[in-house]
Amino acid sequence: MKGITRSILFCMFLSFGLQAKATDTNPDLMAAKALQYSKTHKMNTSYCILVDMSIHSGKNRLFVYNFKKKKVIIKGLCAHGSGGGSGPLSPVYSNEIGSNCTSLGKYKLGSRAYSKWGIHVHYKMHGLEKTNNNAFKRIVVLHSYTPVPAFQTYPLPLFGVSSGCPVIANATMRKIDKLLKTGQKNMLLWIYES
780 MKGITRSILF CMFLSFGLQA KATDTNPDLM AAKALQYSKT HKMNTSYCIL
830 VDMSIHSGKN RLFVYNFKKK KVIIKGLCAH GSGGGSGPLS PVYSNEIGSN
880 CTSLGKYKLG SRAYSKWGIH VHYKMHGLEK TNNNAFKRIV VLHSYTPVPA
930 FQTYPLPLFG VSSGCPVIAN ATMRKIDKLL KTGQKNMLLW IYES
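In structure tokens form, the structure reads like this:
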């Protein structure tokens, strides 16, 4: 079934004539900055979540980084916002209420709550910079969505975008939820372009 799905998606990709940008970056570089920020702001110093929007949407671009082991322990696809003319390969960023765009910047993950999407769990996101300080008002949360696959679709883009939330696969969310439930301090989630 997985092979059939990929074949269908590839044919759709070719018919749309999309030009795929393949970018791989090293989350280790951002993790060092994330650890320093987490220490300074008294946040979780065991883990952080990094989302590199410069990576093609069909490739893993969400990374859970273990500071102590100095490596990525969870990775997965992550949808970006649909607003402002965003396309599958070209996110547009905004902090405006009602924009339906992804906002770049550092976030503090807050309380766990019910979600009508995916595994029915979401985490509140509190924007910590002027580029994302409306996140809580915009109801931007970390959640999963069943149509997001747990495998890379590259060279195809991730079909489906969000209303500005970082949206991930159910399998990825289950792993992250397990980790977040054990944390004593709020975790840093950082959305950026490398």
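Mapping the sequence shown onto my numbering, position 158 (from 1) lands on 937, and the numbers just tick up by one. By construction, the Cβ of each residue, glycine as well, lies at the ideal position given by its N, Cα and C atoms.
From the DSSP output, read off the bridge partner residues of Asp-831. By 1-based counting over the sequence shown, the position of residue 831 is 52. Note: Asp-831 sits in a beta bridge opposite Tyr-971.
Residues sharing a beta bridge with Val-919, DSSP: Residue 919 sits at position 140 when you count from the first residue of the sequence shown. Beta-bridge annotation (DSSP): Val-919 is not paired with any residue.
* Contact set for Ile-918: own chain, Cβ-Cβ below 7 Å, skip 5 residues either direction -> As a position in the sequence shown, residue 918 is number 139, starting the count at 1. Excluding positions up to five away in sequence, the list is empty.
Opposite Phe-842 in the DSSP bridges: which residues?
Within the sequence shown, the letter at position 63 stands for residue 842. DSSP output for Phe-842 lists Leu-829 and Lys-854 as bridge partner(s).
Report task. Indicate whether the contact test is met: 3 or more Cβ pairs, each with one atom in the segment 949–963 and one in the segment 877–891, closer than 8 Å. Result -> yes
Short Cβ contact (8 Å threshold) for Asn-839 with Gly-855
Here residue 839 refers to the residue found at position 60 when the sequence shown is read from its first residue. Here residue 855 refers to the residue found at position 76 when the sequence shown is read from its first residue. Taking 8 Å as the Cβ cut-off, Asn-839 and Gly-855 qualify as a contacting pair.
* Asked: Apart from the five residues on each side of it in sequence, which residues of its chain come closer than 8 Å, Cβ to Cβ, to Lys-916?
  -> Within the sequence shown, residue 916 is the residue found at index 137, counting from 1. Once the five neighbours on either side are set aside, the close Cβ partners of Lys-916 are Ile-876.
- Message: With H, G and I counted as helix, E and B as strand and the rest as coil, what does DSSP make of Lys-887?
- Response: Counting from 1 along the sequence shown, the entry for residue 887 is found at position 108. Lys-887 falls in the strand class under three-state DSSP.
First and last residue of the beta strand (DSSP E) that includes Met-952? Taking the first residue of the sequence shown as position 1, residue 952 is located at position 173. From DSSP, Met-952 is part of no beta strand (DSSP E) but of the alpha helix (DSSP H) over 949–961.
TODO: Could you pull out every residue in the same chain whose Cβ sits closer than 8 Å to the Cβ of Gln-931, ignoring the five residues on either side in sequence?
DONE: Residue numbering aside, residue 931 sits at position 152 when the sequence shown is read from its first letter. Counting only Cβ-Cβ distances below 8 Å, and skipping sequence neighbours, we find Gly-837, Lys-838, Asn-839 and Leu-856.
Option nearest Val-940 by Cα separation, candidates Ala-950, Phe-842 and Ser-923: In the sequence shown, residue 940 corresponds to position 161, counting from 1. That would be Ser-923, whose Cα lies nearest to the Cα of Val-940.
- request: Hey, could you find the ends of the alpha helix (DSSP H) Met-809 is sitting in?
  value: For the purposes of this step, residue 809 is taken as residue 30 along the sequence shown, with counting starting at 1. Residues 806–819.
* Pick from Ser-825, Leu-829, Cys-944 and Ala-950: whose alpha carbon is nearest that of Pro-928? -> One-based indexing of the sequence shown puts residue 928 at position 149. Out of Ser-825, Leu-829, Cys-944 and Ala-950, Ala-950 has the C-alpha closest to the C-alpha of Pro-928.
task: Report buried or exposed for Ser-786, applying the criterion of at least 16 other Cβ atoms within 10 angstroms of its Cβ.
output: Residue 786 sits at position 7 when you count from the first residue of the sequence shown. The predicted model places Ser-786 with a pLDDT of 42, which falls under 50 and marks its position as unreliable; any figure quoted below should be read in that light. So Ser-786 counts as exposed.
Pick from Lys-848, Ser-882 and Ile-853: whose alpha carbon is nearest that of Ser-861? Translated into the one-based positions of the sequence shown, residue 861 becomes position 82. That would be Ser-882, whose Cα lies nearest to the Cα of Ser-861.
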